[in-house]
Amino acid sequence: MNPVIPSGHTGGGQMMPLISIAGLSVRFPAHSECVRAVDTVDLEIASGDHIALIGESGCGKTVLGMAVMGLLPENARISGTIRYRERDLLRAEDVEMQRIRGKEIALIMQNSANSLNPVVTVGSQVAEPILIHGILPARAAYTEAVRLLEAMGFDLPERAAGRYPHEFSGGMRERILVAIALACQPDIVIADEPTSGLDAQVKSQILHLVKKQMAERTLLLITHDMGTAHFLCTRIAVMYAGEIVEEGRAHDILSLPMHPYTQGLLSSLPSAGLHSIPGMSPSPAHLPGGCRFCSRCPSATARCSTEHPLMSVRGSRRVRCFHYD
Amino acid sequence: MSRKIILGVSIAFLSLFILIALAAPLIAPTGPTVIIGPPLQPPDSVHWFGTNEVGQDIFSQLVWGARITLLFGLCAAIFSVTISTVVAIAIGYYGGIIDEVVCRAIDIFLPIPTFVLLLVLTTFFSPTVLQVSILMGVLYSIHGIRVIRSQVLPVVRMNFVEGAKAIGAGDLRIMSRHILPNVIPIVIVKFISVSRRLLVVGVGLSFIGLWDMSTVDWGTMIQNAYSQGGLAMGLWWWLLPPGIAVVILSLSLSLIGYSLEEQFNPRVGVNRI
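Going down the list, the protein sequences come from chains W and L.
Its first residue numbered 3, the first sequence is counted upward by one per residue in our numbering.
Its first residue numbered 126, the second sequence is counted upward by one per residue in our numbering.
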């Protein structure tokens, strides 16, 4: 397996990936400098894969997710390709992206104060994607919305459908957001921090719900939480300062992290003793020339600060570190 | 005094005027232009507000005039608020260079006294009620664009707009189904205040005579009474009824506007009156 090659036709009778991201870079020009939010990311997502993008705030994981949705702001400078079913999503027409969004690739939004429209009833908001994509007529779409709310664990779905978002708790709103994402039965779901801001018990309920709903689907989870990633995903890609630094099967990464940053992340978990990684991640506007983790890395060598490491492939693992060349 | 009472009384007066306008043929079946008796009769039990210089019933004129005056205010306000809302949502949503250009254009037009501009422009148009109301709607929409845009901007940045894009909603749908419902309160407040303003401007225009003078409305009634010397002769029943009607209507619209503004926006100062 050679996941670095961007071509949609990987050799060896390998199943073609559903989404293959190759050489994706996203830059935001800001004043005189240029913020490199995502830098030459290669990632292949096979049908049915559950893959987690993990990393700290500002590492570019959300930008990567938004790039797949085609929802980056207009000032973003994007290069590379995102191939999805014989199409390059980065070069698709707006109208085509609108047809794909919500129907084939859906987004579970992060629950926040305004993630639902405050003046539209919940039922109408869940029914909206069905109407937009013309799957069902208005009345049937609303019935389907009620059914979806029931599937999301609402006891009285008819009543819930007639209510407004502010009448629900954070956990319930997250369920509504999941219902909206799943309304058109999408193949691929991108979940951006679906459990942020929820307390532990509600979080676990939401995670079980998402896991159940994702059984037949492809999931790209964006999170900073190893526990969530481990629970929902079979593969993990660790991002640091705009790059993927390590990628592989979830179990392999958790049991034997290779990249020093992944090791640092794991040892910062409460169960491992809350050891923080010293230092700060570099500003995406002023990235160092060598390895981007160099200044915080306990095993850095002279080579690390001058030369930028490439991805080295080891079986199903990829890691961007000189120690594994 | 409770604000609710003020709002209630204002709405009652407005409803009364609208009812009178709608039921004009029932209240005053003779019509405003029919000569029903000797000229310049003071009020009596048959002709409640007397007659004017050609013997037309002033009560009939007042009742039928309410139609034109209200219809004009309503039409112009609808034009004005529709333009304001559509432009404000569009520039607020798209932002960037369109927003910049429109805002700078508004900056240029805002200090120009609208009424004076209107006086100049009405001379180029045939002064039918519809044309003048369209013209006024356009001219008086400028301020509304500013006000509504300021409410659109925070809504555009809210997460559900991103969410709507993520389910495949197009720009038109996002603007009409997601942004518009969130700015409806300010649109209503703006509609009330603009309709009051345009109503008074309409009366002013017809008083000056830049208007189809064959219609009977409160402005032409005042103009008529004034130009025929009703004021000089002390014929109060000629001049006062349309004047008082304009004042009451304008006052009730203002009070409705202020009350609603306070309801929707608690930060607005309480002592507006």
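Positions of the beta carbon are idealized from the N, C-alpha and C atoms, including for glycine.
Predicted model, so just to flag it, every value in this text is computed and none were measured.
From which residue to which residue does the beta strand (DSSP E) around residue i run?
| i | result |
| --- | --- |
| Ser-81(W) | 79 to 86 |
| Ala-108(W) | 107 to 110 |
| Val-204(W) | Val-204(W) -> not in any beta strand (DSSP E); alpha helix (DSSP H) instead, spanning 202 to 215. |
| Met-241(W) | 237 to 242 |
| Ser-301(W) | Where Ser-301(W) is concerned, there is no enclosing beta strand (DSSP E), given that its DSSP letter is neither H nor E. |
| Asp-194(W) | 190 to 194 |
| Thr-225(W) | 220 to 225 |
| Val-321(W) | 319 to 321 |
Mind pulling the chain W residues with CB within less than 9 Å of residue i?
| i | result |
| --- | --- |
| Phe-285(L) | Met-111, Asn-116, Ser-117, Leu-118, Asn-119, Pro-120, Val-122, Gln-127, Pro-167 |
Could you tell me which chain L residues have their CB closer than 7 Å to the CB of residue i, listed as they occur along the chain?
| i | result |
| --- | --- |
| Gly-104(W) | Ala-291, Ile-292, Gly-293 |
| Gln-100(W) | Gly-293, Gly-295 |
For residue i, which residues in chain W fall below 8 Å Cβ to Cβ?
| i | result |
| --- | --- |
| Asn-307(L) | Asn-119, Pro-120, Val-121 |
| Gly-190(L) | Those within 8 Å of Gly-190(L) in chain W number zero; the least Cβ separation is about 39 Å. |
Counting along the chain, where does the alpha helix (DSSP H) carrying residue i start and finish?
| i | result |
| --- | --- |
| Ala-294(L) | Careful: Ala-294(L) lies outside any alpha helix (DSSP H) and carries neither H nor E. |
| Ser-170(L) | It is not in any alpha helix (DSSP H) - Ser-170(L) carries neither H nor E in the DSSP assignment. |
| Ile-152(L) | 149 to 152 |
| Ala-191(L) | 183 to 219 |
| Ser-257(W) | 252 to 257 |
| Ser-314(W) | Ser-314(W) -> not in any alpha helix (DSSP H); beta strand (DSSP E) instead, spanning 314 to 316. |
| Arg-177(W) | 172 to 184 |
| Arg-101(W) | 96 to 102 |
| Val-241(L) | 239 to 247 |
| Val-372(L) | 361 to 389 |
| Ala-231(W) | 228 to 234 |
| Ile-347(L) | 343 to 352 |
| Tyr-263(W) | 262 to 269 |
If residue i and residue j are in contact, beta carbons under 8 Å, what's the gap, nearest whole angstrom?
| i | j | result |
| --- | --- | --- |
| Cys-186(W) | Ala-69(W) | No, Cys-186(W) and Ala-69(W) are not in contact; Cβ-Cβ is about 21 Å, not under 8 Å. |
| Val-43(W) | Ile-255(W) | Not really, about 17 Å apart at Cβ, beyond 8 Å. |
| Ile-273(L) | Ala-213(L) | 4 Å |
| Ile-160(L) | Val-179(L) | 6 Å |
| Gly-407(L) | Ser-185(L) | Any question about residue 407(L) goes unanswered here, given that chain L covers just 126 to 398. |
| Pro-300(W) | Pro-262(W) | 6 Å |
| Leu-235(L) | Pro-367(L) | Going by Cβ atoms, the distance from Leu-235(L) to Pro-367(L) rounds to 32 Å, so no, they are not a contact pair. |
| Gly-275(W) | Arg-298(W) | About 18 Å separates the two Cβ atoms, so there is no contact after all. |
| Ala-197(L) | Gly-329(L) | Checking the sequence shown, residue 197(L) turns out to be Phe, not Ala. In fact, because the Cβ distance is near 12 Å, the residues do not count as touching under 8 Å. |
| Ala-202(L) | Leu-323(L) | 5 Å |
| Thr-225(W) | Ala-54(W) | 6 Å |
| His-303(L) | Val-286(L) | 6 Å |
| Ser-81(W) | Ser-22(W) | At roughly 15 Å, the Cβ-Cβ gap does not stay under 8 Å, so Ser-81(W) and Ser-22(W) are not in contact. |
| Thr-239(L) | Tyr-265(L) | 6 Å |
| Leu-191(W) | Ile-84(W) | One point to set straight first is that residue 191(W) is Val, not Leu, in the sequence displayed. Actually they do not touch by this definition, with Cβ atoms about 16 Å apart. |
| Thr-236(W) | Arg-251(W) | 7 Å |
I want to verify the contact list: residues of chain L whose CB lies under 9 Å from the CB of residue i, in sequence order.
| i | result |
| --- | --- |
| His-33(W) | Residues of chain L passing the Cβ test: none, with the nearest at roughly 18 Å. |
| His-135(W) | Ile-292, Gly-293 |
For a contact defined as C-beta to C-beta under 8 Å, what are the partners of residue i on chain L?
| i | result |
| --- | --- |
| Glu-130(W) | Ala-289, Ile-292, Ala-294, Arg-302 |
| Ile-182(W) | Gly-288, Ile-292 |
Would you mind telling me which residues of chain A sit closer than 8 Å to residue i, beta carbon to beta carbon, in chain order?
| i | result |
| --- | --- |
| Arg-298(L) | Absent from the structure: chain A. Protein chains present are W and L. |
- [ ] Pick out the complete alpha helix (DSSP H) segments inside the region 15 to 80 of chain W, 4 residues or longer, and give them in chain order.
- [x] 63 to 71
Open item on the list: To be precise: take each residue of the region 67 to 78 of chain W, compare its Cβ to all Cβ atoms of chain L, and keep it if any distance is under 7 Å. Which residues remain?
Closed with: Met-71, Leu-73
TODO: Please list the segments of the alpha helix (DSSP H) lying wholly inside the region 261 to 329 of chain L, counting only runs of 4 or more residues, in order along the chain.
DONE: 266 to 281, 284 to 291
Open item on the list: Quick check on the DSSP output: what are the complete alpha helix (DSSP H) runs of length 4 or more inside the region 120 to 166 of chain W, in order along the chain?
Closed with: 124 to 134, 140 to 153, 159 to 163
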